[in-house]
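Here's the structure we're looking at; comments come further down.
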Amino acid sequence: MYRKMVWQALFCMVLTVACSISAFAGEPTEVIRKTTDKIIAIVKDPALQGPEKKRERERLIRAAAEEIFDKEEMSMRTLARHWRERTPAEKKEFMELFEDLLEKTYIDRVEGYSGEKVVYEGERVEGNYALVKVDIMTKQQTKIPVLYRLKKKKAGWLVYDLSIEGVSLVNNYRTQFNSIIMRSSFKNLIEKLKEKVEK
Amino acid sequence: MRNRGHRNGKDEEMKGKICRIGKICLLVVLCAALFPGAQALGHLGPLGSSLAVGPPLYKTPGDLPVSRLPRVRETDPAIELARISHYQMEKMDHGRLVVAMRLGKRLDFLTGATSVFPGRENNALMTGPDYAGISHGEDEIQLSAASFEDEKVVEEPENWNEDVRRETIADPLEPMNRVFFAFNDKLYFWVLKPVARGYRYVIPEPFRVGIRNMFTNIAMPIRAANCLLQGKITGLGRELLRFVINSTAGFLGFADIAKRDMNLDSQDEDFGQTLGFFGAGPGIFINWPIFGPSSIRDTFGLVGDFFVDPLTYLVSGTEKTIAVRGGDRVNRTSLSIGDYEALKKSALDPYVSVRDAYFQYRRSKIEK
């Protein structure tokens, strides 16, 4: 009888440990999955179809995306060295413009959604950082590997970069922004961003 | 005639030189094959050979005997690190520094593990992976150090392959590249896109996917040869198996049965990647008219692949070649209309965006 109890206790312990491990390991993936599912649901929602609903659709997608993207972290990383030289007001202005640009880009991509499948390939967590690997399978059977980079903040896991086919969004913008600042000025970068966002 | 003797002497000298260069190359290839770390260094490009000296990070200058300090070259094809006039150094948590360099009026910057040794002018030891593109400069260079803490760049765990961020590719030919970029842009919007759209309208998508598969299938030797060259034997096996299955059961490759039913993916390998695998850096960025973004390494790669490509031998004559390869291009474009437009729309400087995307894309391919 004691033996049985020992086994039960052991079983329970193993179960709790196993549960906590899987819950911990799955957290960043769950963040991505939740938002992806939410956005796909918005795009697919029959009540939100058609060009006249575009604005409403965009608003919902924007709201869903804002939940998981860490705009401050992304802004810091894209401006890199130039971030430090900015005043708080400049930082704020840049952050808002950059967020607009990202959302515009993101919404355009999402709007083009046509039944691609999203396969969750795995994740790696190290301290406050995590990678989540996703494959997007297009209708034409092409596999597009996507890598999300997340960082744990007070608000939970937030995305600060994503790579599509090995091309990191933040790195790509950093190269562009650096090149523009070097050639002209930060002011010019802001002007260009405004122009792009307003278009 | 009167120079004959002299010339012979020169020839001998040349032969000796070639022999020596050959031996060095062989050694380099061997080292690259033996050292996994050497591969990573290869991506550093021309700079890799002179400046990058491997992964160990020295926290303080005292960690390293002075005799082992590599001297920064006075001139280097990709970078001029000459006449370092002054620098500041801050101590870092990671033992890493970000170095900003002033080249004339331009301020470029290196990110990466860099140790600068006070009191030793002209000596800078660059280690680590995060090297940024630097162009030529004729003026004095200032090195200034800043903490990665502020940069928010290398806060990520350093041992994740995916997180190694080497910055970008050198682009001394930028003015010319931009001209060809504008040319290719017009070529796309004025010719390729309208043609591909008309074609898309006439041919249903499943057929276009099938035609793409056929072209992919016929190019098997390129992928197989490069799998072999990189010692990726499983990849080679997959390619051969795929070819047999798809060429027969898949109607000359029209249907990708190997992938659909047997989960055998095609191995995206080419000669440019093979060169990268053996440690060749991209060199500089070249944006070819018609062919688009490339680098010195990948241009050699394209030429190599051209000779292994069965299409080169199956289709003879310039006109036919242009027709067949153009057809392939139009067919592929018809399946990806909108991609280039999206990139352009999201970019502040489409040229820089394409250049960087190309660099990152190729780098990630080589790392696989």
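Top line first, the protein sequences correspond to chains P and W. Residue numbering for the first sequence follows the working numbering, beginning at 14 and increasing consecutively. Residue numbering for the second sequence follows the working numbering, beginning at -3 and increasing consecutively. Note that the Cβ used here is the ideal one computed from N, Cα and C, for glycine as well. Note that this is a predicted model, so its numbers are computed, not measured.
Spatial neighbours of residue i in its chain, beta-carbon cut-off 7 Å, leaving aside the 5 residues before and after
| i | result |
| --- | --- |
| P:Ile177 | Ile157 and Val159 |
| W:Thr308 | Phe302 |
For residue j and residue i, believed in contact at Cβ under 8 Å, the rounded distance
| i | j | result |
| --- | --- | --- |
| W:Asn222 | W:Gln269 | 6 Å |
| P:Ile45 | P:Tyr161 | 6 Å |
| P:Leu163 | P:Pro41 | 5 Å |
| P:Lys152 | P:Gly128 | 6 Å |
| W:Asp294 | W:Pro306 | The Cβ separation is near 21 Å, so there is no contact. |
| P:Ile81 | P:Thr48 | 5 Å |
| P:Asp174 | P:Val183 | 4 Å |
| P:Lys84 | P:Glu112 | 5 Å |
| W:Asp345 | P:Ser192 | 6 Å |
| W:Arg208 | W:Arg321 | Contact doesn't hold; Cβ gap of about 13 Å is too wide. |
Same chain, Cβ closer than 6 Å to residue i, five either side skipped, listed in chain order
| i | result |
| --- | --- |
| P:Ala93 | Arg187 |
| W:Tyr347 | Arg174 and Phe177 |
| W:Ser290 | Ile282 and Trp284 |
Buried versus exposed, by CB contacts within 10 Å (16 or more), residue i
| i | result |
| --- | --- |
| W:Thr244 | exposed |
| W:Gln226 | buried |
| W:Met210 | buried |
| W:Ala338 | exposed |
| P:Leu144 | buried |
| P:Thr100 | exposed |
| W:Thr164 | buried |
| P:Glu136 | buried |
| P:Gln62 | exposed |
| W:Val299 | exposed |
| W:Ile229 | exposed |
| P:Trp170 | buried |
| P:Arg70 | buried |
| P:Arg122 | exposed |
| P:Asn141 | exposed |
| P:Arg196 | exposed |
| W:Val187 | exposed |
| P:Ser198 | exposed |
| W:Phe185 | exposed |
Pairwise C-alpha distance: residue j and residue i
| i | j | result |
| --- | --- | --- |
| W:Pro168 | W:Gly313 | 36 Å |
| W:Val175 | W:Ser342 | 21 Å |
| P:Met87 | W:Gly206 | 40 Å |
| W:Thr317 | W:Asp301 | 15 Å |
| W:Ala220 | P:Pro64 | 48 Å |
| W:Val326 | W:Val191 | 7 Å |
| P:Ile52 | P:Thr91 | 25 Å |
| W:Ala254 | W:Ile199 | 24 Å |
| W:Gly297 | W:Ile218 | 11 Å |
| P:Glu211 | W:Arg358 | 33 Å |
| P:Arg75 | W:Asn259 | 36 Å |
| W:Gly288 | W:Ala353 | 13 Å |
| W:Ala166 | W:Ile280 | 5 Å |
| W:Pro285 | W:Phe179 | 7 Å |
| P:Leu110 | W:Gly323 | 42 Å |
| P:Glu2 | W:Phe203 | Only positions 14 to 212 of chain P appear in the structure, and residue 2 of chain P is not among them; the question remains open. |
| P:Glu204 | W:Lys340 | 18 Å |
| W:Tyr197 | W:Ser332 | 14 Å |
| W:Arg193 | P:Ala102 | 46 Å |
| W:Asp261 | P:Lys207 | 43 Å |
| P:Ile50 | P:Tyr126 | Just to set this straight, residue 50 of chain P is Asp in the shown sequence, not Ile. Between P:Asp50 and P:Tyr126, the C-alpha separation is close to 12 Å. |
| W:Arg351 | P:Glu43 | 34 Å |
| P:Gln189 | W:Ser349 | 6 Å |
| W:Ala251 | P:Lys146 | 28 Å |
Sequence-distant residues of its chain with Cβ nearer than 8 Å to residue i (five each side left out)
| i | result |
| --- | --- |
| W:Gly233 | none |
| P:Leu73 | Ile55 and Leu61 |
Any non-hydrogen atom of the ligand GTP closer than 7 Å to residue i Cβ
| i | result |
| --- | --- |
| W:Asn209 | Among the components modelled here there is no ligand, and therefore nothing to report on the ligand GTP. |
* Could you please tell me which residues of the segment 165 to 187 of chain P, in chain order, have their CB closer than 7 Å to any CB of chain W? => Cβ contacts with chain W come from Glu178, Gly179, Val180, Ser181, Asn184 and Asn185.
* To do: Could you run through the segment 209 to 225 of chain W and flag, in chain order, every residue whose CB is less than 7 Å away from some CB of chain P?
  => Within the segment 209 to 225 of chain W, no residue has its Cβ closer than 7 Å to any Cβ of chain P.
* May I ask you to list, following chain order, the residues of the segment 323 to 342 of chain W that have a beta carbon less than 8 Å from some beta carbon of chain P? => Taking 8 Å as the upper bound on Cβ-Cβ separation, chain P lies near residues Leu331, Gly334, Ala338, Lys341 and Ser342 of the segment 323 to 342 of chain W.
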